[in-house]
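So the sequence shown is numbered by this note's numbering: it starts at 467 and just counts up by one. Worksheet: the structure to be examined is printed underneath.
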Amino acid sequence: MDSSTNRGFTLLEVMIALIIFAICATTLIQQSGRSLRQASFLESRTLANWIAENELDQLRLEQQFPAVGKTSRLLVFGLRQWNVIRDISKTAHPDLRRVVIHVQRAKPDKTQSSQEMSEGYRLTSFLGRY
Numbered sequence: 467m468d469s470s471t472n473r474g475f476t477l478l479e480v481m482i483a484l485i486i487f488a489i490c491a492t493t494l495i496q497q498s499g500r501s502l503r504q505a506s507f508l509e510s511r512t513l514a515n516w517i518a519e520n521e522l523d524q525l526r527l528e529q530q531f532p533a534v535g536k537t538s539r540l541l542v543f544g545l546r547q548w549n550v551i552r553d554i555s556k557t558a559h560p561d562l563r564r565v566v567i568h569v570q571r572a573k574p575d576k577t578q579s580s581q582e583m584s585e586g587y588r589l590t591s592f593l594g595r596y
């Protein structure tokens, strides 16, 4: 055969091109997975923040000095179940209460990291008698 008629790629060139493509595709898929997990984490964190803020606003709207104690309830918000724990404690000042609201997913899913499942979201605030 004449060298002028052989214009295709050799098997080695094709294999090298496939290896480069496979490495790039794997990296792209891994990065996409990380981005999706991060977006899911941010969505859960935002919803938990809204729930905690709503709980705090509800306490403020009651216009009563909150009683000391710990309460827990299950809530559906954003098509998900959440555990909401309200911990109200005394402070050094008798007319001031410390309020800690802890929000955590009730049913973990595959997108949650173990850190997110154990920590949840915590909001701390203070409410006065007047």
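We put the beta carbon where it would ideally sit given N, CA and C, even for glycine.
{"Query": "Can you tell me the Cα-Cα spacing of I482 and I489, whole angstroms?", "Result": "11 Å"}
{"Query": "Mind reading off the beta-carbon distance from K536 to R526? Whole number of angstroms is fine, and I expect it under 8 Å.", "Result": "Their Cβ separation, rounded to whole angstroms, is 19 Å, which puts K536 and R526 out of contact at 8 Å."}
{"Query": "If contact is defined by three or more beta carbon pairs under 8 Å, each pair taking one atom from either stretch, is the region 498-505 in contact with the region 554-574?", "Result": "no"}
{"Query": "Among the candidates I554, Q496, N520, L545, whose CA atom is the shortest distance from the CA of V534?", "Result": "I554"}
{"Query": "On a Cα-Cα basis, can you pick out the residue from I517, S591, S498, L494 that is closest to Q547?", "Result": "I517"}
{"Query": "Just mark A491 as buried or exposed, buried being the case when its beta carbon has 16 or more other beta carbons within 10 Å.", "Result": "exposed"}
{"Query": "In terms of residue numbering, what span does the beta strand (DSSP E) encompassing Q529 cover?", "Result": "From DSSP, Q529 is part of no beta strand (DSSP E); its letter is neither H nor E."}
{"Query": "Please report the residue range of the beta strand (DSSP E) in which L545 lies.", "Result": "No beta strand (DSSP E) holds L545; DSSP gives it neither H nor E."}
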